[in-house]
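Student: In terms of this note's numbering, the sequence shown opens at residue 1242 and continues consecutively. Here it is, the structure, as structure tokens.
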Amino acid sequence: MKKLLAIFLSLTFLMTVCVAASADAQDETTFGAYKHVYIIGVDGAGTFFENDYMTNFHRIFENGAVKYGARTETKTDSGPNWTSILTGVSYFKHGAENGVVGGEQKRVFKRYPSIFSYVHNAMPETELASINNWGAINIGIVEDDIGVTKISIGPDDATVDAIVNYFNEGHSPALFFTQLDEVDAAGHAHGSASAEYEEAMKAADERIGIIYDCLEEKGLLEDGLFIVTADHGHKETGGHGRFSKIESYSTIAVAGKTVVSGGEMDKDVKLRDVAAISLYALGVESDEWSFTARVPGNLFQDVKGKMRPYYRDIIDLICGEIMWIYTNLGHPFDEYF
Ligand SMILES: [Zn+2]
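Structure below.
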């Protein structure tokens, strides 16, 4: 009897080890499977990528994974969300407002390492680039002393020209980020229900296509992960910063050789997860205590979806979830606070 029990326990132990080993082996096929990650940020575009007129977007992500219900941070402004996207840290922790990101010290803002820092620390020799229309990102979020090529130039056509020039010079950065600004400007001036906003989205779509085709032509997409996202949406009448669904739902779209074709990702997807997705693709660990981004499921083949380490950020867990329920209830008390 004892012998039988011993054999049974040994078999169970062996099976556990084998399952654990195969899980690891599976993860290894996608962890670090990329040499390049490109993040294209369209300010204020929310989930408007969904529209049929976004022909380049739909062409690029035909075999990609797209999440239209990705959650912004609780404050639906650019400073809070670009900071979270580029650090994997919640707004409740970093506290970055638009003005703070641009250099004005309006309130307590703790600078957390950006994903550029993580990549630089893991691969000190690698090229990194951040080419944006909204110059604040290169002042307040992306570090100065880690060799990132920073260009801040607008309007969006000039931003895209600078990007194409950069790649024409023969650069091949491990991590590349850009932010286009004119959809947000159209949203503020005319609202997201306007013809002007639609025109701005179409122009952004053209620009996404130009950047994508430029990379493809140079063979930089073969080992590249291409991501399109937005920091927040826009009210029909224009503006953002509060809790409505049209402000608080956004997009993460991912294309690459190990991405689940037609994958819609799992439920708990936040914009800050772009940080985790990028580091995971490049094979860089992110064990900072402040880091609460996760790799969603149904995004990379063989990856079930990592748990969000909520225990690291209890305020985000409690306040963020309460506010998310409030958003989905239709934000009934907005006028009172
Ligand atoms: Zn705005």
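All residues carry an ideal CB built from backbone N, CA and C; glycine is no exception. It should be emphasised that the depicted structure is a prediction, and the values quoted were computed from it without experimental measurement.
Can you find the residues in the same chain that come closer than 6 Å, C-beta to C-beta, to Phe1532, ignoring five residues on each side of it along the sequence?
Tutor: The answer, listed in chain order, is Gly1329.
Student: Just how far apart, CA to CA, sit Phe1574 and Thr1400?
Tutor: Rounded to whole angstroms, Phe1574 to Thr1400 spans 40 Å at the Cα level.
Student: In angstroms with no decimal places, state the Cα-to-Cα distance between Gly1474 and Ala1494.
Tutor: Using only the alpha carbons, I get a separation of about 15 Å.
Student: For the putative contact between Tyr1521 and Val1536, defined by C-beta atoms under 8 Å, what is the C-beta separation to the nearest angstrom?
Tutor: With 8 Å as the limit, Tyr1521 and Val1536 qualify as a contact, their Cβ atoms being about 5 Å apart.
Student: According to DSSP, is Thr1317 part of a helix, a strand, or is it coil?
Tutor: Reduced to three states, the DSSP call for Thr1317 is coil.
Student: Mark Asn1297 as exposed unless 16 or more other C-beta atoms lie within 10 angstroms of its C-beta, in which case mark it buried.
Tutor: With 16 or more other Cβ atoms within 10 Å, it is buried.
Student: Could you round the C-beta distance between Tyr1579 and Leu1523 to whole angstroms and report it? I think they count as a contact, below 8 Å.
Tutor: Outside the displayed span of the chain (1242 to 1578) sits residue 1579, for which this structure offers no information.
Student: Is the number of C-beta pairs between the segment 1319-1334 and the segment 1500-1510 that are closer than 8 Å three or more?
Tutor: Too few Cβ pairs lie closer than 8 Å, so no.
Student: For Val1278 versus Leu1456, is the C-beta distance shorter than 8 Å?
Tutor: No, the pair does not count as a contact, with Cβ atoms beyond the cut-off.
Student: Could you tell me which of Asn1379, Met1548 and Gly1411 sits nearest to Val1341, measuring between CA atoms?
Tutor: If we check each option's Cα against that of Val1341, Asn1379 comes out closest.
Student: What does the Cβ neighbour count give for Lys1351, buried or exposed, with the cut at 16 atoms within 10 Å?
Tutor: Exposed: under 16 other Cβ atoms inside 10 Å.
Student: Tell me whether Leu1369 sits in a helix, a strand or coil according to DSSP, three-state version.
Tutor: Residue state, collapsed to three classes: strand.
Student: Under the three-state reduction of DSSP, which class applies to Ala1266: helix, strand or coil?
Tutor: No answer about Ala1266 holds up, because its pLDDT of 43 lies below 50 and its placement is not dependable.
Student: Which residues end up in the neighbourhood of ligand 1 when you take C-beta atoms closer than 6 Å to any of its heavy atoms?
Tutor: Qualifying residues come out as Gly1285, Ser1319, Asp1425, His1429 and His1481.
Student: Do Thr1470 and Ala1415 have their CB atoms nearer than 8 Å?
Tutor: No, Cβ-Cβ distance for Thr1470 and Ala1415 is not below 8 Å.
Student: Should the segment 1384-1398 be regarded as contacting the segment 1353-1371, the criterion being three or more beta carbon pairs within less than 8 Å?
Tutor: Yes: at least three Cβ pairs fall under 8 Å.
Student: Taking only runs of the beta strand (DSSP E) that begin and end inside the segment 1388-1417, which ones reach a length of at least 3 residues, in chain order?
Tutor: Taking only runs of at least 3 residues, the beta strand (DSSP E) segments lying wholly in the segment 1388-1417 are 1389-1393.
Student: Kindly indicate which three-state DSSP category Thr1253 falls into: helix, strand or coil?
Tutor: Note that Thr1253 scores a pLDDT of 49, beneath 50, so its modelled location is shaky; the value from the coordinates is reported in the next line. The answer is helix: DSSP assigns Thr1253 an H, G or I state.
Student: Just list the residues that DSSP pairs Leu1466 with in beta bridges.
Tutor: Note: Leu1466 sits in a beta bridge opposite Val1278.
Student: Using a Cβ-Cβ cut-off of 7 Å (strictly less than) and excluding sequence neighbours within five positions of Val1500, which residues of its own chain qualify?
Tutor: Result list for Val1500: Gly1305, Ala1306, Leu1540 and Phe1541, in chain order.
Student: What are the partner residues of Ile1493, as DSSP defines its beta bridges?
Tutor: According to DSSP, Ile1493 bridges with Lys1308 and Thr1470.
Student: Just to confirm before moving on: does the CB-CB distance between Lys1476 and Ser1485 stay below 8 Å?
Tutor: Result yes, Cβ atoms of Lys1476 and Ser1485 sit closer than 8 Å.
Student: Between which residues of its own chain and Ser1263 is the CB-CB distance below 8 Å, once the five residues before and five after are set aside?
Tutor: Any reading at Ser1263 must be qualified, since the residue scores a pLDDT of 42, below 50, and its modelled position is unreliable; the value itself is stated next. There are no such residues.
Student: Can you give the beta carbon distance from Phe1417 to Ile1280, rounded, assuming they're within the 8 Å contact cut?
Tutor: Sure, about 7 Å apart at Cβ, within 8 Å.
Student: Give me, in chain order, the residues of the same chain whose beta-carbon lies closer than 6 Å to that of Phe1290; leave out the 5 immediate sequence neighbours on both sides.
Tutor: Here the set comprises Phe1298 and Thr1492.
Student: Taking 7 Å as the cut-off, does the CB of Ala1370 come closer than this to any heavy atom belonging to ligand 2?
Tutor: The ligand content of the structure shown is limited to ligand 1, which means ligand 2 is not among them.
Student: If you draw a straight line from the C-alpha of Glu1526 to the C-alpha of Met1548, how long is it?
Tutor: When rounded, the distance between both Cα atoms is 15 Å.
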